[in-house]
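In full-length UniProt numbering, the protein residues as written are 1 to 257.
All C-beta atoms in this analysis are idealised placements derived from N, C-alpha and C, irrespective of residue type, glycine included.
These notes concern the structure reproduced below.
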Amino acid sequence: MTDDIDEALDWQGHDIDCASCTHRDIEAEGRCRLKHACVHDRYARRIDRFFNWNPGLANRYVAHPHFEVRAIAAKHASTFLLPPLLEDPEETVRWNAARRLPKRLILPLRHDPHREVRIRIVSLLEDADLGPMMADEDYYVRLVVARRVPPALLGRMMADPETEVRRVVAQRLPREWLLRMADDADATVRLEIARRLSPDLVARLKNDADWRVRYEVACAAPVGELAALADDCDDLVREAARARQATPYADGIGSRP
1 MTDDIDEALD WQGHDIDCAS CTHRDIEAEG RCRLKHACVH DRYARRIDRF
51 FNWNPGLANR YVAHPHFEVR AIAAKHASTF LLPPLLEDPE ETVRWNAARR
101 LPKRLILPLR HDPHREVRIR IVSLLEDADL GPMMADEDYY VRLVVARRVP
151 PALLGRMMAD PETEVRRVVA QRLPREWLLR MADDADATVR LEIARRLSPD
201 LVARLKNDAD WRVRYEVACA APVGELAALA DDCDDLVREA ARARQATPYA
251 DGIGSRP
């Protein structure tokens with residue numbers, strides 16, 4: 001914890017001199033304290049505490065040379081002073097400004113050079129505004145988009161090159177589109193599809209190369225579709241299919257365990 005550090009240095013490594021500080025008046029009022037709450041300190045926690053105690057002073061520091069000061073001041077300063085910070089060279093400053101500004105002003109940050117900014121911007125946008133981010137160069141940005149974008153817009157992400165992204169798409173895609181991903185190259189994606197397909201449609205995956213997918217079929221497809229699975233090479237698939245076939249009152253509609 002920074003409060004345990006017995007030093008008071010500014011961002012350039014110089015000793016902090018309270019005697020020459022412009023905030024001596026608030027020091028006398030107990031609104032700042034050396035090594036605890038100081039805007040000149042190099043440690044973010046102490047800077048943050050200073051602005052928590054003195055939010056009205058944040059406007060003075062949005063152009064401070066130390067990025068930690070600018071970033072923390074952006075949390076408290078007037079929103080009218082924040083737009084220029086969207087082009088700040090430090091990503092932390094850009095993000096703290098973006099989170100307090102109207103959506104129309106932060107749209108350019110969808111193409112921010114820093115992935116962390118783009119990831120966080122996703123949480124501030126909705127629906128069609130997320131469209132350009134579906135093809136982001138960073139897979140994790142696309143993953144976050146896939147979790148947030150409306151299901152009806154996920155068709156554009158069904159062929160994403162990253163398996164984890166396609167898995168999320170498979171979990172949220174409208175059911176009527178699921179079969180379009182039934183031939184996905186990755187078994188974990190096909191498994192997500194199998195778990196969501198209706199009993200009559202899941203039977204189409206009974207010849208899948210992965211035993212987990214076939215097991216889902218054995219547990220859910222109509223009994224009349226289980227003949228091949230009753231002789232499956234995998235024990236669990238075979239047992240599930242035979243147990244379903246042996247159900248005295250099987251009505252042709254599966255039931256996943």
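- Across the set 73, 174, 50, the C-alpha of 73 shows the shortest separation from the C-alpha of residue 61.
- Linking residue 25 to residue 36 through their CA atoms gives a straight-line distance of about 17 Å.
- Sequence-distant Cβ neighbours of residue 200 in its own chain, meaning closer than 8 Å and more than five residues away, are 221, 222.
- Residue 37 sits in a strand when the DSSP states are folded into three classes.
- In the three-state DSSP reduction, residue 9 falls in the strand class (E or B).
- With 16 or more other Cβ atoms inside 10 Å of its own Cβ, residue 120 counts as buried.
- The DSSP assignment places complete alpha helix (DSSP H) segments of no fewer than 4 residues inside the segment 43 to 93 at 44 to 53, 67 to 73, in order along the chain.
- Secondary structure of residue 25 (DSSP, three-state): helix.
- In this structure, the alpha-carbon of residue 106 lies about 13 Å from that of residue 91.
- Between the alpha carbons of residue 27 and residue 50 lies a gap of roughly 11 Å.
- Across the structure, residue 98 and residue 64 are spaced so that their CA atoms are roughly 18 Å apart.
- Pairing residue 40 with residue 53, the inter-Cα distance amounts to about 14 Å.
- With fewer than 16 other beta carbons inside 10 angstroms of its own, residue 128 counts as exposed.
- Nearest to residue 43 by alpha-carbon distance, out of 87, 13, 57, 55, is 13.
- Remark: C-beta atoms of residue 151 and residue 172 approach each other more closely than 8 Å.
- For residue 15, the beta-bridge partners assigned by DSSP are 9.
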